[in-house]
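Only one structure is covered here, and it is reproduced in the block below.
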Amino acid sequence: MTEDFAGLGPFFAVHTHVTGATATPPWRPLDELVADESVLGSRIASVRTALAGGRPDDAVEWRVAASVTHLGMVARLLSPALAFAVRDGTVLDLGLAGTWWEPVPGGAVPLSVRPPSGPPLPDDALVDALASQVLDGPIRLVTGLFPLSGQVLWGNVASAVNGAATMLGTDRPEWTVRAHALATALLDRAPLLGTSTRAEGRFRRRSCCLIYRVAPTGSGAVCGDCVLTRS
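Each residue of the sequence shown is one higher than the one before, counting from 8 in the numbering used here.
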């Protein structure tokens, strides 16, 4: 089955499977990223090729492709996690062994998850659970696979949290207050504390995902939430 978040965009859409099921092709368990470093290497290489846009792959720095890959992966996990939390007050179990993906090239990869099994939680407990079970669980594990600056990587995570909340509030106005309250609470505590600022309600990360360096001159446009943007 496909959860009804598909209308929010490809980063929110998920399939679901029962706990204990075994991934069969084309699905693959996401923990292969940990078990076989060549899987992540291949993913970064495919992102690098896509970013190069017909130029030689080495026209794009490896670290840029790695950061963009990481941002895509954490956004892919955090978007449905925040959607379930906002809509239902529940927490997805995103343990990598029980989460499946299809590493297709380009864009948001197809994802299959186990439906939340616990009861709805009040918001304070929900934030605690999201921080401990998602940010300090699979997100930290995936983030640790990338040999990049922690400032860049956790800035990517902060950007993904804010981006998911913004999209939820934009597409489902009735979710705006809760989405931004949960996101703000997550951004104001470890491991995301200090990764961003919010002046006059505008989110800005304290680091850069490096994608501006994809441009042939190495000085392309920056993201709207980038530390390099001017007020």
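Backbone N, C-alpha and C fix where the C-beta goes; we use that ideal spot for every residue, glycine too.
Give every residue of the same chain whose Cβ lies closer than 7 angstroms to the Cβ of G16, excluding the five residues on either side of it in the sequence, and list them in chain order.
If you number the sequence shown from 1, residue 16 lands on position 9. The residues are M174.
Classify L200: buried if its beta carbon has 16 or more other beta carbons within 10 angstroms, exposed otherwise.
Position 193 of the sequence shown, counted from the first residue, corresponds to residue 200. Counting Cβ neighbours within 10 Å, L200 comes out exposed, since fewer than 16 surround it.
Which first and last residues belong to the alpha helix (DSSP H) in which R70 is found?
Working through the sequence shown from its first residue, we reach residue 70 at position 63. Note, R70: alpha helix (DSSP H), 69-95.
Comparing alpha-carbon positions, which option in A92, V67, M80 lies nearest T106?
Taking the first residue of the sequence shown as position 1, residue 106 is located at position 99. Ranking A92, V67, M80 by Cα distance to T106 puts M80 first.
Closer than 8 angstroms by C-beta to V111: which residues in its own chain qualify, once you throw out the five before and the five after it? Chain order, please.
Within the sequence shown, the letter at position 104 stands for residue 111. Same-chain partners within the cutoff: P117.
Please report the distance separating the alpha-carbon of L40 from that of V46.
Residue 40 sits at position 33 when you count from the first residue of the sequence shown. Residue 46 sits at position 39 when you count from the first residue of the sequence shown. In a straight line, the C-alpha of L40 is about 6 angstroms away from that of V46.
Would you call L89 buried or exposed, if buried means 16 or more other Cβ atoms sit within 10 Å of its Cβ?
As a first step, residue 89 is located in the sequence shown; it is residue number 82 there, counting from the start. Buried, by the Cβ-count rule.
Report the three-state DSSP secondary structure of S156 (helix, strand or coil).
Numbered from 1 along the sequence shown, position 149 holds the residue referred to as residue 156. Residue state, collapsed to three classes: coil.
Which of helix, strand or coil does DSSP assign to W182?
The residue labelled residue 182 in the question sits at position 175 within the sequence shown. Three-state DSSP puts W182 in a helix.
Starting from the C-beta of M8, find all residues in its chain whose C-beta is less than 6 angstroms away, skip the five residues before and the five after it, and write them out in chain order.
The residue given as residue 8 occupies position 1 in the sequence shown. Model confidence at M8 stands at a pLDDT of 43, short of 50, so the residue's coordinates are unreliable; what they give is reported in the following sentence. Contacts found: T23.
How many whole angstroms separate the CB atoms of A228 and S203, which I take to be in contact at a CB cut-off of 8 angstroms?
Here residue 228 is taken as the residue at index 221 of the sequence shown, counted from 1. Here residue 203 is taken as the residue at index 196 of the sequence shown, counted from 1. Rounded, the Cβ-Cβ distance is 20 angstroms, inconsistent with contact.
By the three-class DSSP mapping on this structure, what secondary structure does S104 have?
On the sequence shown, position 97 is the one that residue 104 refers to. Checking the sequence shown, residue 104 turns out to be Ala, not Ser. A104: helix per DSSP, three-state reduction.
In chain order, what residues of the same chain lie with their CB nearer than 7 angstroms to the CB of T76, ignoring the 5 residues before and after it?
What you label residue 76 is simply residue 69 of the sequence shown in a count that begins at 1. Here the set comprises R50, I51, V54.
Closest to W242 by CA distance: which of E207, I146, A172 is it?
Look at the range of the chain in this structure, 8 to 238, and you will see that residue 242 is not part of it.
Sheet register partners of A206 (DSSP bridge):
Residue numbering aside, residue 206 sits at position 199 when the sequence shown is read from its first letter. A206 is bridged to R209.
One or two residues paired with L118 in a DSSP bridge:
Within the sequence shown, numbered from 1, the residue matching residue 118 stands at position 111. Answer by DSSP bridge pairing, in chain order: W108.
Roughly how many whole angstroms lie between the Cα atoms of S119 and A20?
Start at 1 with the first residue of the sequence shown, and residue 119 comes out as number 112. Start at 1 with the first residue of the sequence shown, and residue 20 comes out as number 13. Taking the straight line from one Cα to the other gives about 9 angstroms.
Restricting to Cα atoms, I'd like to know which of E207, A73, A136, P87 is closest to P122.
The residue labelled residue 122 in the question sits at position 115 within the sequence shown. Taking only the C-alpha atoms, the option nearest P122 is P87.
R35 in three-state terms, based on DSSP
As a first step, residue 35 is located in the sequence shown; it is residue number 28 there, counting from the start. The answer is strand: DSSP assigns R35 an E or B state.
Could you tell me the alpha carbon to alpha carbon distance between P33 and A73, rounded to whole angstroms?
In the sequence shown, counting from the first residue as 1, residue 33 sits at position 26. In the sequence shown, counting from the first residue as 1, residue 73 sits at position 66. The alpha-carbon atoms of P33 and A73 are separated by roughly 24 angstroms.
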